[in-house]
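Let me begin by presenting the structure, written as structure tokens, before commenting on it.
Number of protein chains: 2
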Amino acid sequence: MKRHHILFLPHNKKITVEHGEKLIRAAMEAGVHINASCGGEGVCGKCRVIIEDGKVEGGVTEKLDSEDIEKGYRQACLSGVVGDLVVRIPIDSEVDAGLLNLQKTPRRTAHIWEMNLEELKDKGLFMPPVEKKYLELPEPTLQDNLSDVTRLISFLKAQYNEHRLVVQLPVIQKISDILRKEHFKVTATLARPVHSGRKTNIIHVQTGDTTDRNYAIAVDVGTTTIYGQLVDLITGDALAQFGDYNGQISYGEDVISRIIYAGKPGGLEKLHDVVIATINKLIKKMIKKARIDPDEISTITMAGNTTMTQLLLKVNPKYIRLSPYVPASTFYPPIKAVDLGLALGDHVTALVYPAISSYVGGDIVAGVMGSGMYRTEKLTLLMDIGTNAEIVIGNKDWLACASCSAGPAFEGGGVKFGMRAGKGAIEDFSMDPITFEPMNITIGNVRPKGICGSGLIIIAATMFEMGVIDNRGKFNRDLKTPRIREIDGVYEYVLAWKHETEIDKDIALTEPDLDNLIRAKGAIYSGSITLLEEVGLKMQDIDRIYLAGGFGSYVDLEKAMVIGLLPEIDPDRIRFIGNGSLMGAKMSCLTNRIRKDVVEVTRRMTNFELSETPSFMNNYVAALFLPHTDMDQFPKLKARLERRRALQRGLANPAF
Amino acid sequence: MKRHHILFLPHNKKITVEHGEKLIRAAMEAGVHINASCGGEGVCGKCRVIIEDGKVEGGVTEKLDSEDIEKGYRQACLSGVVGDLVVRIPIDSEVDAGLLNLQKTPRRTAHIWEMNLEELKDKGLFMPPVEKKYLELPEPTLQDNLSDVTRLISFLKAQYNEHRLVVQLPVIQKISDILRKEHFKVTATLARPVHSGRKTNIIHVQTGDTTDRNYAIAVDVGTTTIYGQLVDLITGDALAQFGDYNGQISYGEDVISRIIYAGKPGGLEKLHDVVIATINKLIKKMIKKARIDPDEISTITMAGNTTMTQLLLKVNPKYIRLSPYVPASTFYPPIKAVDLGLALGDHVTALVYPAISSYVGGDIVAGVMGSGMYRTEKLTLLMDIGTNAEIVIGNKDWLACASCSAGPAFEGGGVKFGMRAGKGAIEDFSMDPITFEPMNITIGNVRPKGICGSGLIIIAATMFEMGVIDNRGKFNRDLKTPRIREIDGVYEYVLAWKHETEIDKDIALTEPDLDNLIRAKGAIYSGSITLLEEVGLKMQDIDRIYLAGGFGSYVDLEKAMVIGLLPEIDPDRIRFIGNGSLMGAKMSCLTNRIRKDVVEVTRRMTNFELSETPSFMNNYVAALFLPHTDMDQFPKLKARLERRRALQRGLANPAF
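Residue numbers (my numbering), protein chains in the order written: chain A, 1 to 656; chain B, 1001 to 1656.
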């Protein structure tokens, strides 16, 4: 992909972007504010810029007269970058520019991290759970008429030094014909024991040599979305990955409504059936995409929260919802995939990740295992912000976990114009410090429909640093802008006017929205603090943060620190592990080391019911501020805010 | 039951019989010959006896005139013994009496032997496979909200010192409601590992205290008949036992025709389904008879020959029938009973006895285990004569086994008037040494329909000792009796004339019948000899014989020695273990010691394909005589025959 250089003036900021990128996104990425509230459809006509050198594609609209066009004016939101550019942003005063440079920092998201097979091997963590062995057996005679199974076992011992071999019924049922198809040339699939000295299970036999084809399925069973990955066990590569809405959504959006539905007659069976149907749909798609023979799939690992796991296994989750919140079990035996209704061979065993408690599920354990945080000396904080927020803190010596009742603010819930991170969601934002005009960037560059979680954090952080809201999330009543208004006693900031939106309504951020955001981030931050305090540590002791879940890939790390969702830490020490649940499931397919370790990990993972932990409430109340009552926990922000206030007090000093 | 004493004259033989016994059976038991060919319905009118003292019930027929009746004549076959008696048998000469006393020995069958629970305990062999533990768990609170499964496991550890506990999915699915029914008072059923150090499986949870109720099912899956036993695991008693025809009979009488049927489309599934249906029928009957709650059945063990086992497990047995006779497997993993279609709880694991080869199946292994022959120093010969004949020889140090293609003579097959041991089968026999008139005793005391296996042996042995047939089974052509005749070149002995039978045909024993019998007994005896020779031993080295199978309970031991089916051995050293397969299955339900030992036993059990063992053919040919070419192997019989011949030569010497 061709890349182009852009110089923004008067900011004197440079950036390199991919061919075809819209100019307004390039500006946002460079930390350059351009007024823009319509999301990129040219409706508001505010994002006028001057192309001083180079050429753009498009950007000429009826909002620009011929004289403007002649001068090089274009609408940034409709201008595609097709070559190197020098772009000038028309600004009212030099002061603005100074403020702007202070204000806007490039969006910084977490680095993606995932362990691969080579790394596993290098680290000595590679213990393949399933392996194939090819054999050319001598054909039986009257002098040597061992049973087919005994013949296979004998030669696995003789040729591959395999011991303690057992078979399951499906192998006995098919072995005789399989052996006789190609003169006793056969491939046996061995499922290794997790603990040495236990039995190795011959789970499958196939005619001829199939040792070059061995696959696994990893599944993240999310409340909303289910993700599946088809893993090549020989290379460690993901050959296909698909996601789809959990079919259970029709029976309740969230965990609680699913639990209630499961309590109705036939409800549990129905929810079990539809989640299996969703997984089967994904398996089918992956098989088609990767063009493999389903018979070559040797294993499946699944991870989900405790309720999803119980529904998957047809275990009624009703007591999860009722105090004292007791799950039926936190670990699950290996189960025949066909017994669960999975569309896989009868040789496939389904492994399901163990949970810690009713609200810290197998998805989190999978994240802990997949991230490897349980193997390192470094004090790590793992956060998975999904429908709920779960946190794990610890290292190779100890692990503490908790579920935080953050509420759904980060997924767009409890926010007046909140929405999921889909087309039309405001996902990035900047504000003119003088006019308080917004620069909205939406997913898909279309007119705004609402605000997604990562956008919400950026908006709140920007407003807070700019003094538009105070540390309790209240709008500064003194600012002169029509965008801040009071309706029915509720203050709000209008991000986009009715005519600029897709929904034919003013899209605004309200004080109750900010309140919900603060409660959400407060719950997570104070949860983390509480876990740390229980073992005598502080936020500052944290070496590394792992973010899991879809939210983690989009969140602007610095902005998340501004609102106090994340502690202040070098962003390089924050890693995004993607879908931790899926990653852990995949890792379990690749190496038995994970299954071996997970028993010990779940045993030493202490679960805190925060509501039962005395210090939690104080920590929570202290965290209900932006970023926190204790500003010493956010020294960099504290310094920035002090500089900003100084700047505002003495606008005369342009040195800042 | 009241018993009565009878003195038979002139033989001067005494016997005690139960009230109501027919006089003719009492005579047979006492070793007293009375001519009788109609089986006991008074038709032939030959069994006239004189009641010299005491009274009988019945016995007066139109065949007796009033003068006879006055003198005390009765028909023995219709006379019921209701008090002490002195009975005179009208005999032509004193010589006859002398011969008679020489000839007839009381029928001697094997002693029944079975190990019970106390004996197991005394011998240190008691390792219960399933045990119940009662717990009163503390109810969960917010401070103590372990999962239900973890709670159960923790307290099993704390209160009963149970370790390495695992659960299966059905327990997870039901535990939450079970615990909450009676305030966390619960009984857990534990399935013990066979090898110490392995996992103990919590297979079931029940509300309240059910520790006094724990049952098992043992099943012998026979080709013809299936037997089930309901075992009380606390007392070791059989609470109910039923047998029923294997439903597969409609699809083929014998193993070979079943294998052929299984090869047809849908055939395997059909045969699997009907055998499961038969077992389920038996389970239902046993549950009803014993009045137990099916939920209290904790385990099931099944044993059958290799083909029956493969059909039971839906494993196509087709290669069993084809050279080189390879079974799919000789051992089978534990299987969920519900997966097989068994009407038992989802917590029940079905154990299936391992086999040795295609023709030495799990039924024989079960017999070896049940009999305990693998634990003793004594050299033991185990014989199971059923549809086929299997033999095992050995002791605690070694075991050799073989299947003998005996043919179905002992089950009435290959015998012109052969039949199964049912009503109307001639099961006992004696012969007048002068007139060669028969004394037939039929099952049910009805007119004869045919000859069953045990009857066949008695008839052949009697005729041989009497010189009616020679050692090749050929009739003495010089005897003057209308009962020996030649029809279409085939010699035969008429046991009952047409008008005396149920089938309106003369019932005869032919030379081809005798030939088949000799081949059958020859195959078994030479099989045993061959196994012994392979380890450098002789028949005389055998300490003990165990007879298994229905046939074993009826066979007249001394007569079996006369024809050379059994070696000459003190009958007290022959034990009848009944249905060895069922016994072994029951033993496996009672103690894991059997399952622990069986692996080692099957490993050291050497299977001989007799057809591939060079010495077998010579041994077989040598055994195709009555009792054998080498009379020194039958010294007692040899002496008796010599005395008899001397007697015949010099009838003048009445000392014999």
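No residue lacks a Cβ here, since even glycine has one placed at the ideal position from N, Cα and C. Note that the structure is a prediction, hence the values are computed from the model and not measured.
With a cutoff of 8 angstroms on beta-carbon distance, residue 389 (chain A) and residue 524 (chain A) are scored as near each other. The beta carbon of residue 1172 (chain B) sits closer than 8 angstroms to some beta carbon of chain A. Excluding residues up to 5 positions away in sequence, 356, 360, 392, 605 and 607 lie with their Cβ nearer than 6 angstroms to the Cβ of residue 401 (chain A) in the same chain.
Inside the segment 362 to 390 of chain A, DSSP marks whole alpha helix (DSSP H) runs of 4 or more residues at positions 362 to 371, from first to last along the chain. For the segment 1296 to 1316 of chain B, the set of positions with a beta-carbon nearer than 7 angstroms to some beta-carbon of chain A reads 1313, 1314, 1315 and 1316 in chain order. Counting along the chain, residue 1257 (chain B) sits inside the alpha helix (DSSP H) bounded by residues 1255 to 1262.
A direct Cα-Cα distance of roughly 4 angstroms separates residue 493 (chain A) from residue 484 (chain A).
Straight-line measurement puts the Cα of residue 1528 (chain B) at about 15 angstroms from the Cα of residue 1574 (chain B). Out of B:1306, B:1249 and B:1500, the CA that lies nearest to the CA of residue 1354 (chain B) is found in B:1306.
Taken atom to atom, the span from the alpha-carbon of residue 1241 (chain B) to that of residue 1228 (chain B) is near 6 angstroms. For residue 329 (chain A), the chain B residues whose C-beta falls within less than 8 angstroms of its own C-beta are 1147, 1148, 1149, 1150, 1167, 1172 and 1175, listed in chain order. In the three-state scheme derived from DSSP, where H, G and I count as helix and E and B as strand, residue 603 (chain A) is classed as helix. Boundaries of the alpha helix (DSSP H) around residue 159 (chain A): 148 to 160. Ranking B:1346, B:1295, B:1192 and B:1515 by CA distance to the CA of residue 1457 (chain B) puts B:1515 first. In this structure, DSSP gives residue 51 (chain A) an extended state, which the three-state scheme calls strand. In this structure, the CA atom of residue 1001 (chain B) is about 7 angstroms from the CA atom of residue 1019 (chain B). If you look at residue 1544 (chain B), you'll find it in the beta strand (DSSP E) that goes 1544 to 1548. Buried is the label assigned to residue 342 (chain A), since at least 16 other Cβ atoms lie within 10 Å of its Cβ.
Per the Cβ contact rule, the segment 1441 to 1451 of chain B is not in contact with the segment 1476 to 1491 of chain B (fewer than 3 Cβ pairs under 8 angstroms). Around residue 1229 (chain B), no beta-carbon contact reaches into chain A at under 8 angstroms, the shortest distance being about 24 angstroms. Think of a sphere of 7 angstroms around the beta carbon of residue 1225 (chain B): no beta carbon from chain A falls inside it, the nearest being about 25 angstroms out. Under a criterion of Cβ atoms nearer than 8 angstroms, no residue of chain B is adjacent to residue 526 (chain A); the nearest Cβ is some 19 angstroms distant. About 7 angstroms separates the CB atoms of residue 552 (chain A) and residue 385 (chain A); that is less than 8 angstroms, so the two are in contact. Just so you know, the alpha carbons of residue 1432 (chain B) and residue 1372 (chain B) end up roughly 43 angstroms apart. Taken atom to atom, the span from the alpha-carbon of residue 1234 (chain B) to that of residue 165 (chain A) is near 34 angstroms. Within chain A, the residues 324, 609 and 612 have their CB atoms less than 9 angstroms from the CB of residue 1143 (chain B), given in chain order. Put simply, the segment 324 to 339 of chain A touches the segment 1159 to 1179 of chain B. At least three CB pairs are less than 8 angstroms apart. Bounds of the beta strand (DSSP E) holding residue 1201 (chain B) are 1200 to 1207. From the beta-carbon of residue 140 (chain A), the residues of chain B found nearer than 7 angstroms are 1324 and 1326. Relative to the Cα of residue 55 (chain A), the nearest Cα in the group A:62, A:614, A:36 and A:80 belongs to A:80.
Taking C-alpha positions only, residue 1245 (chain B) is separated from residue 1259 (chain B) by approximately 18 angstroms. Collapsing the DSSP output to three states places residue 1173 (chain B) in a helix.
For the 8 angstroms CB-CB criterion, residue 1110 (chain B) and residue 1439 (chain B) do not form a contact. Closer than 8 angstroms to the CB of residue 1393 (chain B) there is not a single CB belonging to chain A.
The beta carbon of residue 1319 (chain B) falls within 8 angstroms of a beta carbon belonging to chain A, placing the residue at that interface. Beta-bridge annotation (DSSP): residue 1185 (chain B) is paired with B:1136.
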